[in-house]
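Colleague:
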Amino acid sequence: ICPACGCSLIRLGIGSDRWAKLIYEGKEYFCCCQDCADLFSQDPAKYLKEIKDWVVCPTCLAEKPMQQTIRMEIAGWEVFFCRCPHCPKVFQKDPDHYVKRLQAEIPYNGIFGQAGCGSTKK
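In my numbering, each number is its position in the sequence shown, counted from 1, plus 3.
(1) Assign R14 to buried or exposed, taking buried as 16 or more other Cβ atoms, counted over all protein chains shown, within 10 Å of its Cβ.
(2) Tell me the rounded alpha-carbon separation between C10 and F33.
(3) Would you kindly work out how many angstroms separate the C-alpha atoms of L105 and Q71, rounded to a whole number?
(4) Whose CA, out of C63, I4 and D97, lies closest to the CA of I17?
(5) By Cβ distance below 6 Å, which residues in the same chain neighbour R74 in space, the five residues on each side in sequence not counted?
(6) Is the beta carbon of F94 sitting closer than 8 Å to the one on I114?
(7) Please check the pair V58 and M69, which I expect to be a contact at CB under 8 Å, by giving their CB distance rounded to whole angstroms.
(8) Could you give the first and the last residue of the continuous beta strand (DSSP E) run that contains K24?
(9) Hey, Y50 and P6: beta-carbon distance below 8 Å or not?
(10) Just the C-alpha distance for G29 and D46, rounded to the nearest angstrom, thanks.
(11) Which partner residues of M75 appear in the DSSP bridge assignment?
(12) Provide the residue span of the beta strand (DSSP E) that contains K55, from first to last.
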């Protein structure tokens, strides 16, 4: 999740080769674009507080606060889904695919595709 805008980098279609990487208090954070990285840099604590308990549904890639999700154990994974009853069913058909997509291990064009989001790091 981009700490500045709160969007799932995978849902946006931002591959790991295009993430804007920052380090704050010794931990790496990844933003969807340089504009968000610049915004995050202005007040990291504020943005991290806003998204501290957010998770991404592995099926539909919706970003949700953890308290607005359904937690399930599937194939040895603790998985948080949006409240849609369809998402766990779809996930269970091919859990490896959805986990790999969420971890940016397989290509996914997302909503922006190759166009990207905002400015990219040069």
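For each residue, glycine too, the CB sits at the ideal point set by N, CA and C.
Modeller: Judging by the given coordinates:
(1) Classified as buried, R14 has 16 or more neighbouring CB atoms from the shown chains inside 10 Å of its CB.
(2) Taking the straight line joining both Cα atoms gives about 11 Å.
(3) Each residue's Cα considered, the two are about 19 Å apart.
(4) Across the set C63, I4 and D97, the C-alpha of I4 shows the shortest separation from the C-alpha of I17.
(5) Cβ neighbours of R74 beyond the five flanking positions: F83.
(6) Taking 8 Å as the Cβ cut-off, F94 and I114 do not qualify as a contacting pair.
(7) The beta carbons of V58 and M69 sit about 5 Å from each other, so the pair counts as a contact at 8 Å.
(8) Run containing K24: A23 to Y27, per the beta strand (DSSP E) assignment.
(9) For the pair Y50 and P6, the CB atoms are nearer than the 8 Å cut-off.
(10) If you draw a straight line from the Cα of G29 to the Cα of D46, it comes to about 16 Å.
(11) Answer is V82, bridged to M75.
(12) For K55, there is no enclosing beta strand (DSSP E), as DSSP marks it with neither H nor E.
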